[in-house]
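With the numbering used here applied, the sequence shown has no gaps in its numbers, which climb one by one up to 255 at the end.
Here a beta-carbon is modelled for each residue, glycine too, at the ideal position from N, C-alpha and C.
Since the structure is predicted, the reported quantities are computational estimates derived from the model, not experimental observations.
First up is the structure itself, then whatever we jot down about it.
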Amino acid sequence: MKLLFDEMLKNLASWFRILGIDSAFSSGKSDSQLLHLAMKEGRTLVTRDFPLTIRCEKHGVRFVFIKSDLIEEQIAQVLRETGIKPVFPNFTRCASCNGELADAPKEGLAAGGKVPQNTLEHHERFWRCKTCGKIFWEGGHWKNITRIYEKALELAAG
Ligand SMILES: [Zn+2]
């Protein structure tokens, strides 16, 4: 399952990357370009643009038409309608660029200066994006992310 998000859904695209789903995000593309990309790469188009969903139907492109403004409801809707069964956190995709993540040994990070010393001391596992080089770990914001995710799961089940 691969997804493509329109430019109003950047935050939602990041979420599905955290869930390990190949999630492309496009800004500044016309509806035709989005449709073409979805067809070419076999992606389900996630959009807030109703006229675009009509064109998807016409061309046989699978889509999810997002209605809510709340992130937990948006996540729940995509999970319900695509049948994606996420593993959270998956740590296989970069939330920034959709690149693949690899384990980053702690020893190598100390010298790089990309991770604060305090963070290195308090965390064991780190990941590095193979594409943009960004380093990830379960940081302080993680509690908040977990809370939103659990709410989304509840909504998806209900
Ligand atoms: Zn990246």
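Check                                                                                                                            : Outcome
Distance between asparagine 241 and arginine 140 (C-alpha atoms, nearest Å)                                                      : 29 angstroms
Cysteine 153 CB to nearest heavy atom of ligand 1 below 6 angstroms                                                              : no
Residues passing the C-beta test against ligand 1 heavy atoms, cut-off 6 angstroms                                               : Cys191, Ser193, Cys194, Gly196, Cys226, Thr228, Cys229 and Lys231
Which listed residue (Ser193, Trp239, Pro213 and Val175) has its alpha carbon closest to that of leucine 250                     : Val175
Validate contact between the segment 217-231 and the segment 148-160 using beta carbons, cut 8 angstroms, 3 pairs                : no
Start and end residues, alpha helix (DSSP H) containing arginine 225                                                             : First-last for arginine 225: 224-226, but that is the beta strand (DSSP E), not the alpha helix (DSSP H).
Alanine 201, enclosing beta strand (DSSP E) - first and last residue                                                             : Per DSSP, alanine 201 belongs to no beta strand (DSSP E) and is neither H nor E.
Separation of serine 129 from asparagine 187, as counted between CA atoms                                                        : 32 angstroms
Beta-carbon spacing of leucine 106, phenylalanine 185 below 7 angstroms                                                          : no
Aspartate 128 in three-state terms, based on DSSP                                                                                : helix
C-beta atoms of alanine 110 and serine 123 nearer than 7 angstroms                                                               : no
Of the listed residues Glu178, His133 and Ala208, nearest to methionine 98 (C-alpha basis)                                       : Glu178
Nonlocal neighbours in the same chain, by C-beta distance under 6 angstroms from alanine 253, ignoring five residues either side : Ala173, Leu176 and Arg177
Through-space distance from leucine 131 to lysine 137, alpha-carbon basis                                                        : 10 angstroms
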